[in-house]
Amino acid sequence: MAKQSIASKNNKKIRQDIRVLADLTEIYCRQNHPGGEKYPLDPRGLLAEYADALNVNLCPECSKLVLHGAYRRIQCPMDPKPACKHCPEHCYQPKYREQVREVMRFSWRYLIHKGRFDLIARYM
Numbered sequence: 001m002a003k004q005s006i007a008s009k010n011n012k013k014i015r016q017d018i019r020v021l022a023d024l025t026e027i028y029c030r031q032n033h034p035g036g037e038k039y040p041l042d043p044r045g046l047l048a049e050y051a052d053a054l055n056v057n058l059c060p061e062c063s064k065l066v067l068h069g070a071y072r073r074i075q076c077p078m079d080p081k082p083a084c085k086h087c088p089e090h091c092y093q094p095k096y097r098e099q100v101r102e103v104m105r106f107s108w109r110y111l112i113h114k115g116r117f118d119l120i121a122r123y124m
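Pasting the structure below:
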């Protein structure tokens, strides 16, 4: 029984981390890729279990970023998981790692600038 509660706790944390990544990437995509076509993500395989956390519409480039990040988060061997910037083993490919930094930097500043402290509190 204890194993199950630990697994469900970890599953909840993974789902929350993926949701934050998807939401912040959606903000970034909406502001930086306004004219492009946006499509809902189509998670398959291992990611299908987290489809509710990936319920966003993104351009193809941002979709790849979110799917890569979600997959890497699910596969993370660290327990407890540190923030990616403090992790001793970086599992993101360098290209995606830089893109995630850019997305996070932009989206958090955007939320602060727009006064969306309710969302900031929700994601923390």
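Counted from 1, the sequence shown has number 19 at position 19 by my numbering; the numbering is strictly sequential. Positions of the beta carbon are idealized from the N, C-alpha and C atoms, including for glycine. Owing to the predicted nature of the structure, the values given are computational and were not obtained by experimental measurement.
Beta-carbon proximity list for residue i, same chain, < 7 Å, skipping 5 on both sides
| i | result |
| --- | --- |
| arginine 15 | Tyr50, Ala53 |
| arginine 72 | Cys91, Tyr92 |
| cysteine 87 | Met78 |
| arginine 19 | Ala53 |
Simplified DSSP state of residue i, which is helix, strand or coil
| i | result |
| --- | --- |
| leucine 24 | helix |
| leucine 46 | helix |
| tyrosine 92 | coil |
| leucine 41 | coil |
Contacting residues, own chain, Cβ-Cβ under 8 Å from residue i (five flanking each side not counted)
| i | result |
| --- | --- |
| aspartate 79 | Asn10 |
| glutamine 4 | With a pLDDT of 41 at glutamine 4, under the threshold of 50, the predicted position of this residue should be treated as unreliable, though the coordinate-derived value follows. There are no such residues. |
| leucine 47 | Leu54, Leu67, Ala70, Tyr71, Ile74 |
| asparagine 32 | Phe106 |
Reference residue i, options the options, closest by Cα
| i | options | result |
| --- | --- | --- |
| glutamate 37 | Gln31, Cys59, Ala22, Glu26 | Cys59 |
| serine 63 | Cys76, Leu24, Arg105, Arg116 | Leu24 |
| arginine 97 | Cys76, Gly69, Asp42, Tyr110 | Gly69 |
| leucine 21 | Gly45, Asp118, Gln99 | Gln99 |
| proline 34 | Glu89, Pro40, Glu26 | Glu26 |
| arginine 101 | Lys12, Arg30, Lys85, Asn32 | Lys85 |
Nonlocal neighbours in the same chain, by C-beta distance under 6 Å from residue i, ignoring five residues either side
| i | result |
| --- | --- |
| tyrosine 28 | Val103, Phe106, Ser107 |
Buried versus exposed, by CB contacts within 10 Å (16 or more), residue i
| i | result |
| --- | --- |
| glutamate 61 | exposed |
| aspartate 42 | exposed |
Closer than 8 Å: residue i CB and nearest the ligand COA heavy atom
| i | result |
| --- | --- |
| methionine 104 | Looking for the ligand COA in the displayed structure turns up nothing, as the structure carries no ligands at all. |
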